[in-house]
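Taking it in order: structure first as structure tokens, then the write-up.
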Amino acid sequence: MRGSILTLSVLVVGCAAQTGADPEADLAQSGDGALSWEAFLETVERDPGDPEGWIVDGDIPIESDKRLVDFYESLFGGEGALTVARYGGRDAVWSGAQRRALTYCVSTTFGSRHGQVVAAMREATEAWEAVADVDFQHASDEDRRCDASNGAVIFDVRPVRGASYLARAFFPYSARRSRNVLVNDSSFTVRAPLSLVGIMRHELGHVLGFRHEHTRPEAGRCYEDGNWRGVTEYDRASVMHYPHCGGTDSALTLSALDAEGAAALYGAPTGSAPPAPPPSPGTPRSGTAEGSVSAGQTQSYRPIDVRAGSTFRVAMTGSGDADLYVRFDAAPTATEYDCRPYRGDSAETCELEVPAGASQAHFQVRGYAAATFRVEVSWTAP
């Protein structure tokens, strides 16, 4: 969430303060009306919480220069109609098992504010759990080593200073390195009706896959891009709508349509987490492969028969810059996939729950630049 919710003197990315002048009047544009790459770079900023990352749309992290180029190329070309993010042509949401075990830690580096953040996270998670079949779990034992390298939790909550945003989060498809909720020190001094709890409700909406509501054309301003799908009708009262972009709820509480949209994507709340399912039947298998690709070349492998509900994992290492793609029941393409880490090297991992109804996993390696690689694959055969 941007600091500009509280004060328009803070730098606004994508939605400028109203000064009587056209905020985009001096930005260079290409022939089709899109911002040039150079002008686009003037609208983004480095992420204070990740020296390799960028911040777009006020509080959305982009993990690398490579992903920023990908974001720019898709920014003006998408189409679409609470608003869910899209990834690889599909809704960006958590799988059935993951959504009921969204573990997190709250860093003790918050110091005297640690208890305040813990309480705000508890209230914010309970708000989403009350309207959807999701379960956030605070792993307090991990609070003392709560950073992006902690693999014992799904995400971490940490402080940051000097950011232009109040807080920023991530989407379900983000790599573990970027799965963090970073809380800027300005979040502790906001004026009512906004509060730290409201800020956390908004950021957890991103964690669940929801885009800013004002990216929809009905908002009339603060448009971001077309990489989304409308789940409900447009909602000015949404927790995901910036007030300074036409939103009507400065407290950032969940609206009736927020609840409807969350239930549509995740199911109605069950009241309690279901028991862990028994181990998936089937035969565990594994395999390895090695190869090399030139820039623009693709190496595909035969489909693998998998059992729904089991885990499919591909880990790639190597030199150069190769990209790993995984998709269930169809070969991945450049725009349709279930996993594409898209790092700036050849160290990439896809670990996915095989969705219900899927029976085959497809994977391939594409050369962003020349690369050599080794992949290790593990799965459960029917």
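Per this note's numbering: the sequence shown = residues 375 to 756.
Glycine residues also receive a C-beta, built at the ideal position from the N, C-alpha and C atoms.
These numbers were taken from a predicted model, which means no experiment stands behind them.
{"Asked": "Runs of beta strand (DSSP E) wholly within the segment 723 to 750 (minimum 3 residues, chain order)", "Found": "none"}
{"Asked": "Candidates Ala708, Arg701, Pro655 and Phe545, of which the one nearest Arg473 by Cα", "Found": "Phe545"}
{"Asked": "Euclidean distance between Cα positions of Asp623 and Phe584", "Found": "17 Å"}
{"Asked": "Limits of the alpha helix (DSSP H) - the one that Arg496 falls within", "Found": "His488 to Glu503"}
{"Asked": "Reduced DSSP category for Ile436 - H, G, I as helix; E, B as strand; rest coil", "Found": "strand"}
{"Asked": "Residues sharing a beta bridge with Cys713, DSSP", "Found": "Val700"}
{"Asked": "Cβ pair Val527, Ala513 closer than 8 Å", "Found": "yes"}
{"Asked": "Thr723 versus Pro567: straight-line alpha-carbon distance, rounded", "Found": "42 Å"}
{"Asked": "Where Ala541 falls: helix, strand or coil (DSSP)", "Found": "strand"}
{"Asked": "Rounded separation between Val581 and Arg542 - CA only", "Found": "10 Å"}
{"Asked": "Ala637 and Ala506 closer than 8 Å at C-beta", "Found": "yes"}
{"Asked": "For Tyr640, the first and last residue of its enclosing alpha helix (DSSP H)", "Found": "Ala630 to Tyr640"}
{"Asked": "Integer-rounded CB distance, given that Asp444 should sit under 8 Å from Tyr716", "Found": "7 Å"}
{"Asked": "Which of helix, strand or coil DSSP assigns to Ile573", "Found": "helix"}
{"Asked": "Of the listed residues Thr754, Thr709, Pro658 and Val728, nearest to Glu447 (C-alpha basis)", "Found": "Thr709"}
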